[in-house]
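Peer 1: In this text, residue positions in the sequence shown follow my numbering: the first is 2, and each later residue adds one.
For every residue, glycine included, the Cβ atom is placed at its ideal position computed from N, Cα and C.
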Amino acid sequence: MPAAEPPALPGILTAAQCRQTAESIAAAQESDGAIPWFTGGHTDPWDHVENAMALTAAGLPDAARAAYTWSARNQRPDGSWPSQFRAGIIESEDVDTNFCAYLATGIWHYYLCTGDRTFTARMWPHVRAAIDYVISLQRGGNGEIPWVRGAGGGIIDEALLTGCASMFHSIRCALALADLLGIAQPEWEVAALRLGHAVRYHPDAFATKDRYSMDWYYPVLCGAFHGPAALARIDSRWDDFVVGELGIRCVDDRPWVTGAETCELVLALDTVGDRTRARRLLTAMQHLRETDGSYWTGLVFADGKRWPEERTTWTGAAMILAADALSRTTGGNGIFREFAATADVTAAGLACDCLASRP
2 MPAAEPPALP GILTAAQCRQ TAESIAAAQE SDGAIPWFTG GHTDPWDHVE
52 NAMALTAAGL PDAARAAYTW SARNQRPDGS WPSQFRAGII ESEDVDTNFC
102 AYLATGIWHY YLCTGDRTFT ARMWPHVRAA IDYVISLQRG GNGEIPWVRG
152 AGGGIIDEAL LTGCASMFHS IRCALALADL LGIAQPEWEV AALRLGHAVR
202 YHPDAFATKD RYSMDWYYPV LCGAFHGPAA LARIDSRWDD FVVGELGIRC
252 VDDRPWVTGA ETCELVLALD TVGDRTRARR LLTAMQHLRE TDGSYWTGLV
302 FADGKRWPEE RTTWTGAAMI LAADALSRTT GGNGIFREFA ATADVTAAGL
352 ACDCLASRP
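1) From K210 to G151, what distance separates their C-alpha atoms?
2) So if DSSP puts I91 in a beta bridge, which residue, or which two residues, is it bridged to?
3) Considering just the uninterrupted stretch of the beta strand (DSSP E) at G144, what are its terminal residues?
4) Quick check on the DSSP output: the beta strand (DSSP E) that includes L300 runs from which residue to which?
5) For a quick check, are the C-beta atoms of G107 and Y69 less than 8 Å apart?
6) Whose C-beta lies closer than 6 Å to the C-beta of P3 among residues of the same chain, with five residues either side of it excluded?
7) Output needed for T347: all residues of its chain with C-beta closer than 6 Å, excluding positions within five of it in sequence on either side, in chain order.
8) Can you give the Cα-Cα distance for H227 and R255, rounded to whole angstroms?
9) What does DSSP give as the partner residue(s) for G248 in the beta ladder?
10) State buried or exposed for S137, treating a residue as buried only when at least 16 other CB atoms are found within 10 Å of its CB.
11) Could you tell me the boundaries of the alpha helix (DSSP H) in which V50 lies?
12) For T272, is the classification buried or exposed, using 16 other Cβ atoms within 10 angstroms of its Cβ as the cut-off for buried?
13) Using a threshold of 8 Å, state whether the C-beta atoms of W257 and W189 are closer than that.
14) Tell me L14's beta-bridge partners as DSSP assigns them.
15) Kindly identify the DSSP beta-bridge partner or partners of R290.
16) Mind checking which residues open and close the beta strand (DSSP E) that includes T259?
17) Output needed for D97: all residues of its chain with C-beta closer than 6 Å, excluding positions within five of it in sequence on either side, in chain order.
18) If we ignore side chains and look at the alpha-carbon of each, how far apart do P78 and C251 end up?
19) Assuming V128 and A88 are in contact, meaning their beta carbons sit under 8 Å apart, how far apart are those beta carbons, in whole angstroms?
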């Protein structure tokens, strides 16, 4: 498969710079396909997939397929993954449900970028098993999904807004894959409707984490909020998180801006058509770029120190995905925008009635 031209945005990022960032991610990839946070660091299944998406978007599909093959090889029989690996060894047996669901987003993105139906079909059983696992944990009341199952099988009785918003998007990506392959998944449709409804209308169903910027923008990024409601949500806390020409805070009460969160907000703004503020933020976070194309995780702007001290692969990955969204370069550039445009979470009540009526 020929290498695609990487995304580029005049005045912000050249195609060569984008490819350099992708190559910095590929340089950290281990021989078995795992992509850790940084060379010698740990690998988690969610950031691993985000890195694979960036590799695909920047024209490195071989490295992306190696990453997805790692995901397939390390999936448990029940469809889940341990939440943390290091150098091929499991460091945490706990299961993060959002980590599991994200494979669906990655594989749908891979197909949109490459049109490679053969590899997509090969990965389908792993996507199906992962989504079946995640949906099996969905609660009956509002439809939220607990965020973690412990190593002993016990479920922590807590759901996270960011994680559930991401799972809402992942289930919809899985449904797109199912439609591509001609496989009906009506229970997934019901699960997605219920989960999206919970994210938008039942904030009380989730643990209070509103200090974190992700809880602010993820429901917009992942399509539970769209149109005027999405813009109103973004505007409601803009001043709490956005810091001038530096990016956005990870936590509202800390003098720390982070690159990945800034780029995810760029993606969220793109879903609602606010390209002016999106471009401004993507430009702002470039102060985290290093000469080899990698990105520092963040900056403590109170004292000008970069923190953490590592340059994380997933920060570069988020930047590539944001650049692709704004430049409209690859077939996967609308992975968030196009789902947000068709979101329908108001039918959840009807969906629940239909499910309850089954024998």
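Peer 2: Per the coordinate set shown:
1) Our two residues, K210 and G151, have alpha carbons roughly 21 Å apart in a direct line.
2) In the DSSP output, where bridge partners are listed per residue, I91 has F86.
3) No beta strand (DSSP E) contains G144, which DSSP labels as neither H nor E.
4) Segment G299 to V301, the beta strand (DSSP E) holding L300.
5) With contacts defined as CB atoms closer than 8 Å, G107 and Y69 qualify as a contacting pair.
6) Residue placement at P3 is poorly supported in this model, since its pLDDT is 44, which falls under 50; the coordinates are not used for a value here.
7) Low confidence applies to T347: its pLDDT is 47, below 50, so where it sits in the model is not reliable enough to give any reading.
8) Cα-Cα distance, rounded: 29 Å.
9) When DSSP reads this structure, G248 sits in a beta bridge with V244.
10) In summary, S137 is exposed, with fewer than 16 beta-carbon neighbours lying within 10 Å of its beta-carbon over all protein chains present.
11) Its alpha helix (DSSP H) spans residues P46 to A58.
12) By the 16-neighbour rule on beta-carbons within 10 angstroms, T272 is buried.
13) No. Outside cutoff.
14) L14 is bridged to L10.
15) Partner(s): Y296.
16) Looking at the DSSP string, the run of the beta strand (DSSP E) that includes T259 is W257 to T259.
17) S84 and V149.
18) Distance between the alpha carbons of P78 and C251 is about 35 Å.
19) Between V128 and A88, the beta carbon gap of about 26 Å keeps them out of contact (Cβ cut-off 8 Å).
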